[in-house]
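Novice: I have a structure I would like to understand better, so I am pasting it below and will then ask my questions one at a time.
There are 2 protein chains.
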Amino acid sequence: MGLRYSILGLLHYRPMHGYRIKEHIERNFGHMWSINYGQIYPNLKKMLHEGLVSMSEEVCEGEKGPPRKLYAITEKGREAFLDWLASTPEGGIVLRDPFLMRFVFFGFGDKKRSLEIIDAQLAAWERQLAKRYANLARWEQSGLYVRLMAELGVRMNEVFVAWLKEARREIVDEEADDGSTVVQYATGIDHL
Amino acid sequence: MGLRYSILGLLHYRPMHGYRIKEHIERNFGHMWSINYGQIYPNLKKMLHEGLVSMSEEVCEGEKGPPRKLYAITEKGREAFLDWLASTPEGGIVLRDPFLMRFVFFGFGDKKRSLEIIDAQLAAWERQLAKRYANLARWEQSGLYVRLMAELGVRMNEVFVAWLKEARREIVDEEADDGSTVVQYATGIDHL
DNA sequence: CCTTTTTATATACAATCAATATAAATGTCG
DNA sequence: CGACATTTATATTGATTGTATATAAAAAGG
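From first to last, the protein sequence lines stand for chains A and B. Residue 45 in numbering that gives the first Met the number 0 sits at position 46 of the first sequence, with consecutive numbering throughout. Residue 154 in numbering that gives the first Met the number 0 sits at position 155 of the second sequence, with consecutive numbering throughout.
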């Protein structure tokens, strides 16, 4: 139930409708998380029912698209949010990445193909890092905590790029194997 | 469908039963991911049905616990695994952390309490880093890719600790506010 | 002998993610 | 002008992942 509190947190800034919430998160926190409509709309509906947010149907004057539903945080919602904010965070960090998931098993596959995938990943991470550098100026003007989060994002990105470059070198330098006997060595894990 | 291929990858080492799979992942990859029974047993069942793994009921001789079901990867499973391994990883990195989720909103809450949470988190990350340093020797002997992953884990952990220490200092140094007007500044996000 | 611990399988339910259907208004291009 | 793509917006479905817990067998401890 973490997402619902992020939504409540955003509504502190001002009332918003679902579409804007996603836009806001992607613009300001997109470097760390993402959110999608499958979580936003059901959560808003549920929180409306629980009285944590209030809704006002906004007739859009001269605006594009279907009528918007503007959600605002209620006093009850603010209390629930502050309780959550002061509670001790339970559970550790979850890091799931389709590239890293494959990476640990690259010893079982074709090295040439693995290097292709690594190069593509490196390019993607470098593009992302360039984008983050470009956005640093914007985040400088943001509040303290938002700015600090953005800095963490930059540093993590830097670590990823540097690590993958060094890893690539080690993989290339590794003795070429004929594929059969050395596999066990290349991927070897402790045998319990 | 990433988890199922991780299981298939593990079965490359040798046949295993569900309980051992979790143990193995926690010991060797626990620094990056986790897995749980709610994913292991249903996946094994499904993959058995699809012919990607085979099962042999093992009568445990003198061993503790209920009878084990030993799963091995089949030729079909090996093919499916290699296809996945060579496929381009889709989707970016997912990072979800209950602490960081609160962190961005700390400007809305009580600063003293926020610092308590930060200190607890810092202690936890430092303990984890110490553990990782202690395990480095073990990972040195592991295969290339497993060792590289472990190194990434260490570097990320180092970045987290260093970042949070600096962030804490900035938060403490920030001008003390009376809670009302400055909140907007402390958490301020671009207003779209 | 009874309770606790360890090993192990299994499921239910909640949270999250990806994909897509629907709809309204506006711009655009022949 | 009208067909068509685009943007803005709400909403739902199904798959995947995560948390918690129920069940059970045997060894270990007192």
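The beta carbon of each residue, even a glycine, is placed where N, CA and C say it ideally should be. None of the values given here were measured: they were computed from a predicted structure.
#1: Taking any Cβ of chain B, which residues in the segment 68-97 of chain A have a Cβ under 7 Å from it, in chain order?
#2: With respect to the beta strand (DSSP E) encompassing Glu56 of chain A, which residues constitute its N-terminal and C-terminal limits?
#3: For Leu143 of chain B versus Glu165 of chain A, is the C-beta distance shorter than 9 Å?
#4: How should Leu51 of chain B be labelled, buried or exposed, when 16 other C-beta atoms within 10 angstroms of its C-beta is the threshold for buried?
#5: Would you list, in sequence order, the uninterrupted beta strand (DSSP E) runs of no fewer than 3 residues that lie entirely inside the segment 65-108 of chain B?
#6: Against Asp118 of chain A, what residues of chain B qualify as contacts under a CB-to-CB distance less than 7 Å, listed in chain order?
#7: Work out the CA separation of Glu157 of chain A and Glu173 of chain A for me, nearest whole Å.
#8: How far does the alpha helix (DSSP H) with Met155 of chain B in it extend, from its first residue to its last?
#9: Would Lys68 of chain A pass as a contact of Met54 of chain A if the rule is Cβ separation under 9 Å?
#10: Quick one, which of B:Lys130, B:Val93, B:Phe98 has its alpha-carbon nearest Ile117 of chain B's?
#11: Inspect the beta-carbon positions of Pro14 of chain A and Arg101 of chain B and report whether they are closer than 9 Å.
#12: Skipping 5 residues on each side, what residues in its chain have a beta carbon closer than 7 Å to that of Gly8 of chain B?
#13: In or out: Gly37 of chain A buried (at least 16 other Cβ within 10 Å) or exposed?
#14: What three-state label does DSSP hand Met15 of chain A in the structure shown?
#15: Would you say Tyr40 of chain B faces chain A, with C-beta separation under 9 Å as the test?
#16: Run down chain B in chain order and give the residues with a C-beta less than 7 Å from the C-beta of Arg112 of chain A.
#17: Just the C-alpha distance for His190 of chain B and Met0 of chain B, rounded to the nearest angstrom, thanks.
#18: If you draw a straight line from the C-alpha of Leu151 of chain B to the C-alpha of Ala161 of chain A, how long is it?
#19: Name the residue from B:Tyr18, B:Ala123, B:Leu163, B:Phe28 whose alpha carbon lies nearest to the alpha carbon of Pro66 of chain B.
#20: Mind listing the chain B neighbours of Glu173 of chain A? Cutoff is C-beta to C-beta under 7 Å, in chain order.
#21: With a cut-off of 8 Å on the beta carbons, I'd call Ile72 of chain A and Leu128 of chain A a contact; round off their distance for me.
#22: Is the beta carbon of Ala149 of chain B less than 9 Å from the beta carbon of His30 of chain B?
#23: If you draw a straight line from the C-alpha of Lys21 of chain B to the C-alpha of Lys44 of chain B, how long is it?
#24: Just to confirm my understanding: we take Gln140 of chain B, look at its own chain, exclude 5 residues before and 5 after, and list those with CB closer than 6 Å. What are they?
#25: Would you say the beta carbon of Val160 of chain B is closer than 8 Å to some non-hydrogen atom of the ligand GDP?
#26: Helix, strand or coil, according to DSSP, for Gly8 of chain A in the structure here?
#27: Ends of the alpha helix (DSSP H) at Ile117 of chain A?
#28: Who are the Cβ neighbours of Val182 of chain B in its own chain at under 7 Å, not counting the five residues just before and after it?
#29: According to DSSP, is Ile24 of chain A helix, strand or coil?
#30: Between which two residues does the alpha helix (DSSP H) carrying Ile39 of chain B extend?
#31: Please identify the residue among A:Leu163, A:Trp32, A:Tyr4, A:Asp96 whose C-alpha is closest to the C-alpha of Lys75 of chain A.
#32: Measure the C-alpha to C-alpha separation of Lys63 of chain B and Val145 of chain B and round it to an integer number of angstroms.
Specialist: Put simply:
#1: Listed by position along the chain: Leu81, Leu84, Ala85, Thr87, Pro88, Glu89, Gly90, Ile92, Val93, Leu94, Arg95, Asp96, Pro97.
#2: By one-based count along the first sequence, residue 56 of chain A stands at place 57. That run of the beta strand (DSSP E) goes 52-57.
#3: Numbered from 1 along the second sequence, position 144 holds the residue referred to as residue 143 of chain B. Numbered from 1 along the first sequence, position 166 holds the residue referred to as residue 165 of chain A. Result no, Cβ atoms of Leu143 of chain B and Glu165 of chain A do not sit closer than 9 Å.
#4: For the purposes of this step, residue 51 of chain B is taken as the residue at position 52 of the second sequence. Around the beta carbon of Leu51 of chain B, 16 or more other beta carbons sit within 10 angstroms, so the residue counts as buried.
#5: Whole beta strand (DSSP E) segments, 3+ residues: 67-72, 93-95.
#6: Sequence index remark: in the first sequence, residue 118 of chain A carries index 119 (1-based). Per Cβ cutoff of 7 Å: no residues; Asp118 of chain A is ~11 Å from chain B at best.
#7: Taking the first sequence and counting its residues from 1, the one referred to as residue 173 of chain A is at position 174. Taking the first sequence and counting its residues from 1, the one referred to as residue 157 of chain A is at position 158. In a straight line, the C-alpha of Glu173 of chain A is about 24 Å away from that of Glu157 of chain A.
#8: Position 156 of the second sequence, counted from the start, is the residue given in the question as residue 155 of chain B. Residues 143-172.
#9: Taking the first residue of the first sequence as 1, we reach residue 68 of chain A at position 69. Taking the first residue of the first sequence as 1, we reach residue 54 of chain A at position 55. Lys68 of chain A is a Cβ neighbour of Met54 of chain A, given a cutoff of 9 Å.
#10: Position 118 of the second sequence, counting from 1, holds the residue named residue 117 of chain B. B:Phe98 is the residue among B:Lys130, B:Val93, B:Phe98 whose C-alpha sits nearest the C-alpha of Ile117 of chain B.
#11: Along the first sequence, one-based indexing puts residue 14 of chain A at 15. Along the second sequence, one-based indexing puts residue 101 of chain B at 102. Contact flag unset, no.
#12: On the second sequence, residue 8 of chain B is found 9 positions in, with the first residue counted as 1. So the list reads Phe80, once near-sequence residues are dropped.
#13: Indexing the first sequence from 1 puts residue 37 of chain A at position 38. Around the beta carbon of Gly37 of chain A, fewer than 16 other beta carbons sit within 10 angstroms, so the residue counts as exposed.
#14: Locating residue 15 of chain A in the first sequence gives position 16, where the first residue counts as 1. Of the three classes helix, strand and coil, the one that applies to Met15 of chain A here is strand, per DSSP.
#15: To locate residue 40 of chain B, count along the second sequence from 1; it is residue 41. Contact with chain A is absent for Tyr40 of chain B, since none of that chain's Cβ atoms lies less than 9 Å from the residue's Cβ.
#16: Residue mapping note: residue 112 of chain A aligns to position 113 of the first sequence, counting from 1. Ala85, listed in chain order.
#17: Locating residue 190 of chain B in the second sequence gives position 191, where the first residue counts as 1. Locating residue 0 of chain B in the second sequence gives position 1, where the first residue counts as 1. At His190 of chain B the pLDDT is 44, less than 50, meaning the model places this residue with poor confidence; the figure from the coordinates comes in the next sentence. Each residue's alpha carbon lies about 38 Å from the other.
#18: Here residue 151 of chain B refers to the residue found at position 152 of the second sequence. Here residue 161 of chain A refers to the residue found at position 162 of the first sequence. Note on geometry: alpha-carbon atoms of Leu151 of chain B and Ala161 of chain A lie some 10 Å from one another.
#19: For the purposes of this step, residue 66 of chain B is taken as the residue at position 67 of the second sequence. For Pro66 of chain B, the closest of B:Tyr18, B:Ala123, B:Leu163, B:Phe28 by C-alpha to C-alpha distance is B:Tyr18.
#20: Numbered from its first residue, the first sequence carries residue 173 of chain A at position 174. The contacting residues are Leu143.
#21: For the purposes of this step, residue 72 of chain A is identified with residue 73 of the first sequence, where counting begins at 1. For the purposes of this step, residue 128 of chain A is identified with residue 129 of the first sequence, where counting begins at 1. With 8 Å as the limit, Ile72 of chain A and Leu128 of chain A do not qualify as a contact, their Cβ atoms being about 35 Å apart.
#22: In the second sequence, the residue the question calls residue 149 of chain B occupies position 150. In the second sequence, the residue the question calls residue 30 of chain B occupies position 31. Note that the C-beta distance between Ala149 of chain B and His30 of chain B is below 9 Å.
#23: As a first step, residue 21 of chain B is located in the second sequence; it is residue number 22 there, counting from the start. As a first step, residue 44 of chain B is located in the second sequence; it is residue number 45 there, counting from the start. In a straight line, the C-alpha of Lys21 of chain B is about 16 Å away from that of Lys44 of chain B.
#24: The residue you call residue 140 of chain B lines up with position 141 of the second sequence. Counting only Cβ-Cβ distances below 6 Å, and skipping sequence neighbours, we find nothing.
#25: Because no ligand of any kind appears in the structure shown, any question about the ligand GDP cannot be addressed here.
#26: Taking the first residue of the first sequence as position 1, residue 8 of chain A is located at position 9. It is helical.
#27: Within the first sequence, numbered from 1, the residue matching residue 117 of chain A stands at position 118. From DSSP, the alpha helix (DSSP H) with Ile117 of chain A extends over 110-139.
#28: Residue mapping note: residue 182 of chain B aligns to position 183 of the second sequence, counting from 1. Low per-residue confidence applies at Val182 of chain B: pLDDT is 46, beneath 50, and the placement is therefore not dependable, though the value from the model is reported in the following sentence. Excluding sequence neighbours, Val182 of chain B sits near Gly106, Phe107.
#29: Position 25 of the first sequence, counted from the start, is the residue given in the question as residue 24 of chain A. Taken through DSSP and simplified to helix, strand or coil, Ile24 of chain A comes out as helix.
#30: Numbered from 1 along the second sequence, position 40 holds the residue referred to as residue 39 of chain B. Counting along the chain, the alpha helix (DSSP H) containing Ile39 of chain B begins and ends at 36-49.
#31: The count along the first sequence starts at 1 and reaches residue 75 of chain A at position 76. When each option's Cα is compared against that of Lys75 of chain A, the closest is A:Tyr4.
#32: As a first step, residue 63 of chain B must be located in the second sequence, where it is residue number 64. As a first step, residue 145 of chain B must be located in the second sequence, where it is residue number 146. Within the model, the alpha-carbon separation for Lys63 of chain B versus Val145 of chain B is close to 31 Å.
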